[in-house]
Amino acid sequence: MKQEEKSFLSKGKIIDAAMKLFSEKGYENTTMQDLVQASGMSKGAIYHHFKSKQEIVAYLINEEKERFASSLRELASCGELTAREKIGRIIASLFSDATLSALAKEKWAEKVPFALLDTLRNSVNILSGCLEDILRQGVENGEFGCGHPRELAGVLVLLVDIWLDPVIADSGYQEMCEKVDFIALLADKFDAPVFDAELVSQVKEGLRHFYE
486 MKQEEKSFLS KGKIIDAAMK LFSEKGYENT TMQDLVQASG MSKGAIYHHF KSKQEIVAYL
546 INEEKERFAS SLRELASCGE LTAREKIGRI IASLFSDATL SALAKEKWAE KVPFALLDTL
606 RNSVNILSGC LEDILRQGVE NGEFGCGHPR ELAGVLVLLV DIWLDPVIAD SGYQEMCEKV
666 DFIALLADKF DAPVFDAELV SQVKEGLRHF YE
């Protein structure tokens, strides 16, 4: 096995152990010694990859960001789904992904504050571009009548990815649900009705798990 593959597998073991421990004990109560015991790896091996719990969370955030961006590009180029279906899948995945949910509950922005700016840049520069492409597809095939796909894409990404993020927004569950209804109404007003009743329900259910 090549060294790169060994390194990847070792990181995977550490990440799996960390996610399990964070879920069971919480980020603050998990120690590097806990990771040694849970992963079955030596302290030296763990510190070779990650110098702290903060580095582990930063790695997780980056991996999720890359994975999500890749799935967005695949969806944008998929010819078998309507634009509405593509956007629905994107939004639903944001609120159903287990890793994202776990990171949210551990308030990742407080643990790795420097990653917040990178996440914001990714949302504004990459995610909104993919969403714009899909909105334009919907306009071209007659699904939407939106005259401002670029602007609407940017606004929707900021609202869904930032305004609805329980880690960032200090809002209770009921207020979050009202925000979801507002975003759905906003999309309708700009003639891009992507939030049907099922999607609205999925988003609210995903948010509910954070407050349990």
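Heads up, the sequence shown is in the numbering used here, so the first residue is 486 and it goes up one at a time. Using N, Cα and C, we set each Cβ at its ideal position, and we do this for glycine too.
Where residue i falls: helix, strand or coil (DSSP)
i      : result
Val468 : Residue numbering for the chain in the displayed model covers 486 to 697; residue 468 lies beyond these limits and cannot be assessed.
Lys510 : helix
Leu641 : helix
Ala677 : coil
Leu545 : helix
His633 : coil
Leu649 : coil
Ser656 : coil
Ser562 : helix
Ser537 : coil
Asp582 : coil
Glu697 : coil
Glu683 : helix
Glu663 : helix
Glu628 : coil
Minimum C-alpha distance to residue i - residue among the options
i      : options                           : result
Phe553 : Leu566, Arg574, Lys536 and Ala568 : Arg574
Asp646 : Glu540, Val688 and Ala543         : Val688
Leu494 : Ser578, Phe580, Tyr658 and His534 : His534
Ile619 : Ser608, Gly564 and Asp673         : Gly564
Ile537 : Glu548, Gln518 and Asp655         : In the sequence on display, residue 537 carries Ser and not Ile. It is Gln518.
Cys615 : Asp666, Glu697, Ser555 and Asp673 : Ser555
Val665 : Ser562, Tyr532 and Ala577         : Ala577
Ile546 : Gly627, Ser686 and Leu605         : Leu605
His694 : Leu670, Val609 and Gln659         : Gln659
Ile668 : Ile499, Asp655 and Leu644         : Leu644
Glu513 : Gln539, Met526, Phe629 and Leu671 : Gln539
Lys496 : Thr516, Ser508 and Met526         : Met526
Ser686 : Cys662, Leu566, Gly627 and Lys674 : Cys662
Asp655 : Gly627, Tyr696 and Phe675         : Tyr696
First and last residue of the uninterrupted alpha helix (DSSP H) at residue i
i      : result
Cys615 : Ser613 to Glu625
Gly573 : Ala568 to Leu579
Lys528 : Lys528 to His534
Val521 : Met517 to Ser524
Proximity of residue i and residue j at Cβ, strictly below 7 Å
i      : j      : result
Val679 : Arg569 : yes
Leu506 : Ala530 : no
Ala502 : Ile541 : no
Phe580 : Gly691 : yes
Lys510 : Val521 : no
Leu560 : Lys550 : no
Val624 : Cys631 : yes
Whole-angstrom C-beta distance between residue j and residue i, which should lie under 8 Å
i      : j      : result
Val642 : Leu612 : 5 Å
Ala677 : Leu637 : 6 Å
Interface flag, residue i vs chain B, CB-CB below 7 Å
i      : result
Ile611 : Considering every chain present, this structure includes no chain B. It has just one protein chain.
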